[in-house]
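What follows is a short report on a single structure.
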Amino acid sequence: MRSNDIRAILVSVLLALVASTTSAQDWISQRSWLEDGGGRQTLEQVRHANFRAYEGVLSQGFGQSVIWVKLKIDAPEQERQEAKIFLRLRPVYLDSIEVFDPAVSNGIAGHTGDILHPASQPVRSLDFMVPLPEGPLPRDIFLRVISSSTRQIYAEVVSEKSLLQQMPQQHLLFALYVGVVSIFAVWGISYWGFTKDRMVGLFGVKQTAALVYALCSLGYMRMWWPISWSAEWLDQLASLFSMLATTTAIYFHYAFLQDYQLRRWAVWFLRGLLLLLPINLLIFGAGHPMWALKINMASVLLAPFVTLAAAWSAKGWGVEPRGQRVSVVKLSRFLVVGFYSIIVVILGLAALPGLGVARGGEIGLYLVQAHGLASALMVVLLLQYRTHLMRKAQFENQSLLARTQLRAEQDRRLRDEQEKLLTMLTHELKTPLATMYMRLDEHGKNAQALKKSIREMNNVIDRCVEANKLQDQKLQLQREDVNLIQVLDDVVSVAPTPERIDLSPNLPLRLQTDRQLLSIVLSNLVENACKYSAKETPIQIVPKDLGDRVQLSIFNVPGRAGWPPDAKMFEKYYRGPGAQSQAGTGLGLFLVRSLVQSLGGHIAYQPTSQHVCFVLTLPKV
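FYI, in mature numbering (1 follows the signal peptide of the UniProt record, and there is no 0) the residues of the sequence shown are -24 to -1, 1 to 597.
This is how it looks when you write it as structure tokens:
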């Protein structure tokens, strides 16, 4: 729905409102009322009682007492020749209205209300209509009103001619209202079907409930209600959908405000208002509809104040949603708080007369519907703006995704080139190193030092290759049955100073793991212990059987490099300040941790007061 469509709807509503301002000539010259607390007074008893005068709409809120209304009717000067006159009563959710007219022989002019089937009424229309007989003017007629709903009463006495002029305007306005609400409901549900936008879907559900309630409260259900269906069902349907429309509206606003990080008190308040629906249904089912509707009306009055306070105090203003989700698009605080401020004003005006707190005019009968239409229009505008922001964010995310994919492709090509270069260098370097190693004379000058340097160069190359495999996630585990002590013996035998290493106790430990990766892990740990421990000090390897796991603890006395900093020791390329005098790449412990994690194990640095200690834990299976 575009903004032009919304403007067209607003113009149509304004034109209809202008057309409806031409009211019929009312024959009522004086209105007064009396409250019968016990509901036992007869017409004769109240005829001479003291009535209190009022104007326009009588608003007495909820109550169990009977309301008597006294109307003095007299023909306007220009309509004295009219023969047929009608008593027109609104709203159409009043339960029972008995009309007493002295011009009728038995005094009873008619009985109407929503407890009576519409088909049994002398005039079937959107409002309650009671034809009045010809009689002396001026005269007083009396209404006896009982209702479980709010006791708002607007009475008119009009001629047939004036009524025929006024009814098309009312039908036009009501039909326009119902049409707009229907369009919003269909738009919300259908748009949700295409986009799965939760807020638009909830708006469609909210408008659907409002539509059914509008059909009941404006009298359309009375016009269509089949004669075979009970009038009580119509009364109950209107009451149920008044509560359902309220709850769906509250839930919509609760869901709408969730993205703004509501305060805890606001969340509990709104959830409490939502919990009123099942409570009201229980009260309604227990035979106390008046209390259920009164609680519902109170929640209608309270909800806008709660949502306004919740929006104002929310913590999420100016906070970007995590993960850059397109579905979470935040409107400005000015828009949201301004929207709920308007809702407070409109809905407050609508609810106060219904509770009997304030006196309302004829327009007050339809303020709830006016609120529904105004809030729906504003919500549509907010949702349209929100959709615009979502599309903008989606476009930006798509652009970012395209750039990210391009960068990832460039990185992949670069890694492929690096891998090819590393493979070539590995071959070109290791081949001459192996040749040099084999041709060194065991008894030659500096032979042992040269062999040690060649081994260190080979280790550097091997670590670079393994680190590259880890980065590209090309490691493939080849699990087999492995004798841990045998692998340790092989590692110790090629260590720089095997004579310093003590392996005890010699337990028969076996596990299912990758022999080559395990050998790399142990080689790095043992080599580090030899390289960075104090000269001539022992290195101790202690194996333990932990049931479904095995544990190796490697102890050494710290040398000139000192105690390694535990915060960064497993980071890639990191070397401690004291280790700079020794040859190394900073890849050893990084490889150890990464390979151990691939094997499903754990490596930890647990120094004692005298020893550097690394604890390796591996699963047996």
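We put the CB at the ideal spot given by N, CA and C, even for glycine. Model, not experiment: these values are computed from the prediction.
If you draw a straight line from the alpha carbon of residue 280 to that of residue 196, how long is it in whole angstroms?
-> 28 Å
Using DSSP with H/G/I as helix, E/B as strand and the rest coil, what is residue 548?
-> coil
Can you name the start and end residues of the beta strand (DSSP E) that residue 263 belongs to?
-> Residue 263 -> no beta strand (DSSP E), and no H or E assigned at all.
Are residue 103 and residue 68 touching if we call contact CB-CB under 8 Å?
-> yes
Residue 46 by DSSP, collapsed to three states: which one?
-> strand
With a Cβ-Cβ cutoff of 8 Å, do residue 71 and residue 123 count as a contact?
-> yes
In terms of alpha-carbon separation, which member of 597, 209, 20 and 139 lies closest to residue 686?
-> Given that the chain is displayed from residue -24 to residue 597, the structure contains no residue 686 and the question cannot be resolved.
If we ignore side chains and look at the alpha-carbon of each, how far apart do residue 491 and residue 370 end up?
-> 49 Å
Provide the residue span of the alpha helix (DSSP H) that contains residue 198, from first to last.
-> 196 to 200
Indicate the three-state DSSP secondary structure (helix, strand or coil) for residue 298 in the structure shown.
-> Its pLDDT being 48, under 50, residue 298 is placed unreliably by the model, and nothing is read from it.
Residue 38 - DSSP class collapsed to helix/strand/coil = coil
Unbroken alpha helix (DSSP H) run spanning residue 226, endpoints | 207 to 233
How is residue 362 classed by DSSP in three states: helix, strand or coil?
-> helix
If we call anything under 8 Å between Cβ atoms a contact, is residue 587 one with residue 546?
-> no
May I ask you to list the residues that DSSP assigns as paired with residue 598?
-> Nothing can be reported for residue 598, as the shown portion of the chain is limited to -24 through 597.
Look at the alpha carbon of residue 182 and the alpha carbon of residue 359, and state the distance between them as a whole number of angstroms.
-> 14 Å
Please go through the same chain and pick out, in chain order, the residues whose beta-carbon is closer than 7 Å to the beta-carbon of residue 192, but skip the five residues on each side of it.
-> 213, 214 and 217
State yes or no: is the C-beta of residue 10 within less than 8 Å of the C-beta of residue 38?
-> no
May I have the straight-line CA-CA distance separating residue 467 from residue 385, to the nearest angstrom?
-> 40 Å
Rounded C-alpha distance that separates residue 625 from residue 143 = Because residue 625 is not part of the residues shown, which for the chain are -24 to 597, the question remains open.
Host alpha helix (DSSP H) of residue 170 (start-end) | 136 to 171
Which term fits residue 166, buried or exposed, when burial requires 16 or more other beta carbons within 10 angstroms of its beta carbon?
-> exposed
For residue 315, which residues from the same chain have a beta carbon less than 6 Å from its beta carbon, with the 5 sequence-adjacent residues on both sides left out?
-> 354
Compare the C-alpha of residue 585 against each of 269, 568 and 539 and name the closest.
-> 539
Roughly how many angstroms separate the alpha carbons of residue 495 and residue 486, rounded to a whole number?
-> 14 Å
Beta-carbon contacts of residue 593 that lie in its chain and below 7 Å, excluding the five residues immediately before and after | 525, 527, 577 and 578
So residue 20 is in the alpha helix (DSSP H); what residue range does that whole segment cover?
-> 19 to 23
Apart from the five residues on each side of it in sequence, which residues of its chain come closer than 6 Å, Cβ to Cβ, to residue 508?
-> 535 and 537
What whole-angstrom Cβ distance do residue 287 and residue 361 have, given they're in contact under 8 Å?
-> Between residue 361 and residue 287 the Cβ distance is about 16 Å, and since that is not below 8 Å, they are no contact.
Residue 511 versus residue 489: straight-line alpha-carbon distance, rounded | 34 Å
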